[in-house]
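So the structure is just underneath, and the comments pick up after that.
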Amino acid sequence: MLESVTLERRSGAGPVLNAASFVGALALGVALSLAVLVAAGVPTKALFEELVVQVFLSPAGLARTVTMATPMMFGALAAALCLRLKFWNIGIEGQLWLGAICATAVALYDIGGPLRLPLMMVAAMVGGALWILPSVLLKTWLGVSEVIVTLLMSNIAYLLLQHLLFGAFGDPTFNFPTSPVFDDAERLARFGWGDVNAGVALALVAVAVAALTLGATRFGFAARFVGDNPRAALALGFPALRVLLVSVLAGGAMAGLAGGVIVAGTEFRLTQAVGLNMTFNGIVIAALARNTPAWIPVWAVFIAGLNVAGASLKVFYGVSEGIVLVAQGVILLALVTGTFVTTYRVRFARRGLA
């Protein structure tokens, strides 16, 4: 007779189980997603063209995907650096907006002369880091949940964004709440391939630095230890609070840099639509990458591809926003389930019959 069901964390999944769970989860998710799209009226013959060719195999489609994936890499780093320390950063969009606001302020007020563009990126990082600072201080000093604080800080950031766009940052020559267009000296260089710009190089450098820091330095070892067992880390003399503070501030800086890259690389102005859904995308990418920086670019391109394909389906086949989100969500849910299988095993305890 079944008495209880428990979950046990695996000490380590082998390469066969990892590969099998990933392939199986991806195949199941894609199959269910395709079924949803076919039921919504998308022709079967058009599925491969829209989901693969026009997203990953055509130069224009791949350029759109890479452009969209660039800020997602920063957003995923913002999530991963915090999640490794069991700090739930639900305010990535708020930190992104502050980064975009700070970068825009440098541009509009002509600060920095010839160094204005690098200063915009630095200001974006500082803005994001400062915006996440209250949440980590309140958590460590008063035990306040970071989920609540980061979420509320995002609401404040959006209200600040609107206040500035309808006031000091607003373009008086335009009827919509946007800032004036940036000058050429305030724009990230483009590579001549769609809208792909130098932001992708910054993102890859940030990923490489994070991967090396976490994988090959004392700080990285301390961060892994503190994240796995904070009480044991404190007992053994690890600087747990310092590690948490540095990691969380770095995460906020990455979110802020995402805002700076968006306004200087693609939008060339500050708008209300900057970085929407970045919290969701960043956390999903970080989860799929298992908070490992080296895998973040791969999953960022994958998630960006889903978004590009979804936009195309809405335009050319009249698929509703809800159906697109369901189709994307099915794939993501299947992949997250696959990571669960490789992380935990189910134990069934049976009670013998008397």
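Residue numbers for the sequence shown follow the working numbering, beginning at -15 and rising by one. In this text, a Cβ means the ideal position worked out from N, Cα and C, and glycines have one as well. Quick caveat, the model's predicted, so the values are computed rather than measured.
Considering just the uninterrupted stretch of the alpha helix (DSSP H) at P55, what are its terminal residues? 43 to 67
Taking G176 as the reference, give the member of M262, G127, G97, R48 with the closest Cα. R48
For L114, the nearest candidate out of A15, G289, C86 (CA to CA): C86
Would you kindly report the start and end of the unbroken alpha helix (DSSP H) that includes I315? 305 to 327
Quick one: what's got a C-beta closer than 7 Å to N275's C-beta in the same chain, skipping five residues either side? A64, L67, R68
Alpha carbons only, please: which of A107, A271, A293 is nearest the one belonging to L320? At residue 320 the sequence reads Val, which differs from the Leu that was named. Measuring from the Cα of V320, the nearest candidate turns out to be A271.
W125: buried (16+ other C-beta within 10 angstroms of its C-beta) or exposed? exposed
If contacts are defined as beta-carbon pairs under 8 Å, then L317 and M109 qualify, I think. What distance do you get, rounded to the angstrom? Wrong, their Cβ atoms sit about 33 Å apart, outside the cutoff.
Should F332 go down as buried or exposed, given a rule of 16 or more other Cβ atoms within 10 Å for buried? exposed
For L218, is the classification buried or exposed, using 16 other Cβ atoms within 10 angstroms of its Cβ as the cut-off for buried? exposed
Using the Cβ count rule (16 or more neighbours within 10 Å means buried), how would you classify N159? exposed
Cα-Cα, which of T326, G313, Y328, L297 is closest to V22? L297
Kindly indicate which three-state DSSP category S(-12) falls into: helix, strand or coil? strand
Integer Cβ distance of A237 from G112, believed to fall under 8 Å: 5 Å
Touch check for the stretch 288 to 306 and the stretch 30 to 48: three-plus C-beta pairs under 8 Å? yes
Member of S(-12), F6, K29 whose CA lies at the smallest distance from the CA of V325: F6
Express the C-alpha separation of G83 and Y142 in angstroms, rounding to a whole number. 12 Å
Helix, strand or coil: which one does DSSP assign to F332? strand
By DSSP's criteria, N181 is part of a beta bridge. Which residues make up the other side? R174
Going by DSSP in three states, R202 sits in which element: helix, strand or coil? helix
Close Cβ partners of S304 (< 8 Å) along its chain, the five nearest in sequence each way excluded: A24, K298
Between the Cα of L18 and the Cα atoms of Y328, V308, T327, which residue gives the shortest distance? V308
When every heavy atom of the ligand NAP is checked, does at least one fall within less than 6 Å of the C-beta of I315? For the ligand NAP, the structure offers nothing, since it holds no ligand at all.
Which same chain residues, not among the five before or five after V268, have their C-beta less than 7 Å away from its C-beta? I287, L316
In terms of residues, what are the limits of the alpha helix (DSSP H) holding A113? 100 to 126
What are the boundary residues of the alpha helix (DSSP H) that K70 is part of? K70 -> no alpha helix (DSSP H), and no H or E assigned at all.
Touching or not, the stretch 218 to 227 and the stretch 242 to 262, by the rule of three or more beta carbon pairs under 8 Å? no
Reducing DSSP to helix, strand and coil, say where A338 ends up. Below a pLDDT of 50, predicted positions are generally treated as unreliable, and A338, at 48, falls in that range; the measurement from the model is reported next regardless. Three-state result, A338: coil.
Between the Cα of F58 and the Cα atoms of N213, A311, N265, Q312, which residue gives the shortest distance? N265
Minimum Cβ-Cβ distance from G154 to chain B less than 7 Å: The structure shown contains no chain B; it holds only a single protein chain.
Three-way DSSP call (helix, strand, coil) for R339 in this model: Nothing can be reported for residue 339: it is not among the residues displayed for the chain, which extend from -15 to 338.
Which class does R274 belong to by DSSP, given the choice of helix, strand or coil? coil
Going by other Cβ atoms of all chains shown within 10 Å of its Cβ, with 16 needed for buried, is R100 buried or exposed? buried
Return the Cβ separation of G235 and A62 in integer angstroms, given the expectation that the two are a contact with Cβ distance under 8 Å. 4 Å
Could you name the residues that DSSP lists as bridge partners for R(-7)? Y328
Assign L143 to one of three DSSP states: helix, strand, or coil. helix
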